[in-house]
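Residue numbers (my numbering): 10 to 297.
Ideal Cβ placement from N, Cα and C applies to all residues, glycine included.
Presented below is the structure to which this report refers.
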């Protein structure tokens with residue numbers, strides 16, 4: 010699975026992995042970042058992986074076996090589809106045999122309105138919604154091996170309902186400002202870009218996404234640092250802190266550890282080791 014259903018780092022290597030991303034129709038680009046497909050095969054053994062926080066939410070359809078793992082080691086099977094909201098720390102999942110996923114990567118300020126649901130906290134959301142009626146049709150198309158048809162069917166669903174969805178222009182402008190800066194501008198500048206007071210913006214953002222502007226900005230900024238460390242593990246942490254607007258290296262390290270559970274230095278060491286073992290063991294569910 011490439012977070013947004015979050016960002017994924019395998020706990021155990023998988024024997025096969027394929028990831029593709031697809032740009033949505035122009036009429037959907039204000040609510041959906043992209044559609045994506047991920048396929049992997051673990052054979053007959055169970056394999057677990059982490060989904061690391063980032064700044065997007067995912068509607069996840071899957072075909073195969075997928076369980077979420079709790080901190081105490083207990084496991085629960087997940088329905089398809091489910092919603093993966095914003096995370097404050099890594100989530101752990103487990104799969105076995107062949108797993109295929111179709112993800113809809115959404116902006117956190119649009120995903121609940123897109124589904125007509127009340128916003129809630131981050132993490133896995135199990136919900137009741139007419140979109141679940143697509144599972145059988147998508148499963149049949151998936152069995153035929155025609156991913157283009159699967160994606161076309163899913164995209165058409167959203168094109169059909171898009172005229173019924175009202176997205177607040179204040180949120181759209183604020184979201185654009187956050188993304189353009191990769192989460193580095195202060196809330197006051199986001200509010201100015203959205204032509205709103207900070208109080209009004211925060212109220213609307215909380216209602217629509219369940220999170221504050223600062224929450225989402227922090228995740229998007231962290232995501233940039235994480236990606237750079239993955240691709241360039243020898244990057245200077247002090248340089249990254251300066252580049253991405255952290256007060257100093259210690260500030261960057263605190264934020265990084267909050268989201269991943271490990272320091273950026275430890276992450277970089279792990280990235281370097283993994284890149285020596287596999288050509289590309291990194292997938293981001295919600296990050297293009």
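Segment limits, alpha helix (DSSP H) that includes residue 53: Premise fails: residue 53 lies in the beta strand (DSSP E), 41–61, not in any alpha helix (DSSP H).
Bridge-paired residues (DSSP) for residue 112: Under DSSP, residue 112 takes part in a beta bridge, and its partners are 45, 69.
Whole-angstrom distance between residue 27 and residue 108, CA atom to CA atom: Taking the CA atoms as reference points, residue 108 sits about 11 angstroms from residue 27.
DSSP three-state assignment for residue 5, whether helix, strand or coil: For the chain, the structure presents residues 10 to 297; residue 5 sits outside this window and is missing.
For residue 85, the three-state DSSP class (helix, strand or coil): Three-state DSSP puts residue 85 in a strand.
Alpha-carbon to alpha-carbon, residue 180 and residue 213: Residue 213 and residue 180 have their alpha carbons spaced roughly 7 angstroms apart.
Which of helix, strand or coil DSSP assigns to residue 38: Coil.
For residue 204, the residue or residues it bridges with in DSSP: As DSSP reads the structure, residue 204 sits in no beta bridge.
For residue 103 and residue 78, believed in contact at Cβ under 8 angstroms, the rounded distance: The pair is a contact, with the Cβ atoms about 6 angstroms apart (cut-off 8 angstroms).
Alpha carbon of residue 243 to alpha carbon of residue 59, nearest angstrom: Roughly 23 angstroms separates the two Cα atoms.
Residues that DSSP places opposite residue 123 in a beta bridge: Paired residue(s): none; residue 123 is not in a bridge.
Outcome for residue 135 when other beta-carbon atoms lying within 10 angstroms are tallied against a minimum of 16: The residue is exposed, with fewer than 16 neighbouring Cβ atoms inside 10 Å.
Neighbourhood of residue 25 by C-beta, 8 angstroms cutoff - its chain only, sequence neighbours within 5 removed: Reliability of the predicted coordinates at residue 25 is poor, the pLDDT of 47 falling under 50, and the value obtained from them is presented with this limitation in mind. The answer, listed in chain order, is 48, 49, 50.
Bridge-paired residues (DSSP) for residue 277: DSSP lists no beta-bridge partner residue for residue 277.
8 angstroms Cβ cutoff met for residue 91 and residue 133: In this structure, residue 133 lies closer than 8 angstroms to residue 91 by Cβ.
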